[in-house]
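Residues 876 to 1110 (the numbering used here) make up the sequence shown, in order. Note that CB positions come from ideal geometry on N, CA and C, so glycine has one too.
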Amino acid sequence: MNKLLLFLITLSTYVNLFAQEPELLNNTWYLQNLTIDDTDIFPPSNNEVQNVSATFEVTGEMNHFFSTVCESLDGTMTFDDPNSQFSYIELNQTLGEGCTDSDNADFEATYFQFYFNNAEDPFTYEIVNSEGDEMQLIITGDNGNQAFYSNTLLTSNSFSEISFKIYPNPVSETLFITSENNSIEKLNVYSINGQFIFSEKENTEQLDVSALSNGLYFVEVTTENSISIRKFIKQ
């Protein structure tokens, strides 16, 4: 009886660690952009900071989060799988020399504060499957701010060169997409649960969303050298 009880406790611990989506653990995630107070902030790409990566790992009986700019964030976590949420038990920042470039240092402070400012509340995460092996990870804080990651690292243009807008938001019938310096090749629309809804490859300057039910959606914008995601509300 005692051996059976021990087995069930061990199995329960194992399920708690590994029940979250395996894609979350099996990928290195590269930051595309932050959305802070409805403003898009893009990571630097230069000699000091080539990219900003994040990983989720299981070590022993603990879930770990690790991300780095110049300094690093290291956190231990718990998962609430039915709600696709995670919470930090502990979150720490290394204290080394930091970034020498002031723009990199400013971005690092903003990025780390995205997690520290929400650390007492659960984060919600969504994994959006794109074409092929490409996936997007969207992490949303309790205050509504978001971090967008991809499991694919771009080797050409920097994300800082991407500039486009969507409006109106909220939208009832037609969502307009404008780009200042990138030709949009395709638009994909996904539900809040990451389910693909429809795609637009012809008229990529607008989307007819009148048939959608009211709620929160994501539009994935594909250009020649980049993929980025914006959220919109259908009302």
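Here's the rule I'm using: 16 or more other beta-carbon atoms within 10 Å means buried, otherwise exposed. How should residue i be labelled?
i	result
E1099	exposed
L1012	buried
E995	exposed
T1030	Summary for T1030: the model assigns pLDDT 45, below 50, so the residue's position carries little reliability, and this model does not support an answer.
N967	exposed
T1015	buried
Y1065	buried
F989	buried
L906	buried
E983	buried
N1078	exposed
L1028	exposed
Output the boundary residues of the alpha helix (DSSP H) element that contains residue i.
i	result
Q988	977 to 991
L900	897 to 900
Rounded to the nearest angstrom, what separates residue i and residue j at their Cα positions?
i	j	result
F1073	F991	36 angstroms
L1087	M937	40 angstroms
S947	W904	15 angstroms
P918	E898	23 angstroms
Q1081	I1108	15 angstroms
T985	V1084	33 angstroms
T969	F931	18 angstroms
E1120	N922	There is no way to answer for residue 1120, as the model of the chain reaches only from 876 to 1110.
V1003	N1044	21 angstroms
I1134	L909	Here the chain comprises residues numbered 876 to 1110, so residue 1134 is not present and cannot be evaluated.
T934	L900	11 angstroms
N993	L1050	30 angstroms
F998	G1090	19 angstroms
C974	T943	11 angstroms
E1095	E1075	10 angstroms
T888	I911	Residue confidence for T888 is low, a pLDDT of 37 falling below 50, so the modelled location carries little weight and cannot support an answer.
D949	E1048	43 angstroms
V1046	N1026	30 angstroms
Y1000	F1093	13 angstroms
N902	F940	12 angstroms
K1106	D913	10 angstroms
I1104	I1052	12 angstroms
Bridge partners for residue i per DSSP, in chain order?
i	result
G950	F940, L966
I1059	T1098
F1023	N908, I1013
V1046	K1109
N1064	Going by the sequence as given, residue 1064 is Val instead of Asn. Looking at the DSSP assignment, V1064 forms a beta bridge with F1073, V1094.
F1039	S1054
D955	Q960
In terms of residues, what are the limits of the beta strand (DSSP E) holding residue i?
i	result
V933	928 to 934
T1079	That residue, T1079, is in no beta strand (DSSP E); it is neither H nor E in DSSP.
T903	Segment: none, T903 is in no beta strand (DSSP E) and carries neither H nor E.
E1001	998 to 1004
D915	914 to 916
Please determine whether the Cβ atom of residue i lies at a distance below 6 angstroms from any heavy atom of the ligand MN.
i	result
A980	Of the ligands one can find in the structure shown there are none, so the ligand MN has no counterpart to examine.
Exercise. Using 8 angstroms as the threshold, is the stretch 963 to 974 in touch with the stretch 940 to 953, meaning 3 or more CB pairs across them?
Worked result: Flag = yes, the stretch 963 to 974 and the stretch 940 to 953 touch.
Exercise. Between the stretch 1037 to 1056 and the stretch 969 to 979, do three or more beta carbon pairs fall short of 8 angstroms?
Worked result: Contact between the stretch 1037 to 1056 and the stretch 969 to 979 is absent: fewer than three C-beta pairs spanning the two stretches fall below 8 angstroms.
Problem set entry | the stretch 1052 to 1061 contacting the stretch 1008 to 1028, beta-carbon criterion three pairs below 8 angstroms | Contact check between the stretch 1052 to 1061 and the stretch 1008 to 1028: fewer than three CB pairs, one atom from each, fall below 8 angstroms, which does not count as touching.
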